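Participant: There's a structure below that I have some questions on.
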Amino acid sequence: MQYGYFCEDCEVSVWPSTTRSELKWLRDRTHIVTEVSKHTATGLDTWIVEGLDFLDTHHGHSVMLVSKK
């Protein structure tokens, strides 16, 4: 099973390589993770960067967690 985000407004999705619980955690704490990313020299995991980019691009839209087999 693969999990991702889907923007209902734009009808586009992204499928970072991580678990559903981590995607929910990121969506619920986007403001915190964005602030941390400004102060880290080593960078963030790829799935976090991919997820943040998607959430930033679709800020204010109806974004939901989705799954596919």
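Under numbering that gives the first Met the number 0, think of the first position of the sequence shown as 0, with each following residue one higher. We put the CB at the ideal spot given by N, CA and C, even for glycine. Given the structure is predicted, the values throughout are model-derived calculations rather than measurements.
#1: Sorted by chain position, which residues of the same chain lie with C-beta nearer than 6 Å to Lys67's C-beta, five sequence neighbours on each side aside?
#2: State the DSSP-derived secondary structure class of Leu43, mapped to helix, strand or coil.
#3: With C-beta atoms as the reference, is Tyr45 less than 9 Å away from Pro15?
#4: Report the residue from Asp55, Ser20, Leu64, Tyr4 whose alpha carbon sits nearest the alpha carbon of His30.
#5: Would you identify the three-state DSSP class for Ser12, choosing helix, strand or coil?
Facilitator: The relevant details are as follows:
#1: Hits under 6 Å: Gln1.
#2: coil
#3: Note that residue 45 is Thr in the sequence shown, not Tyr. Result yes, Cβ atoms of Thr45 and Pro15 sit closer than 9 Å.
#4: Asp55
#5: strand
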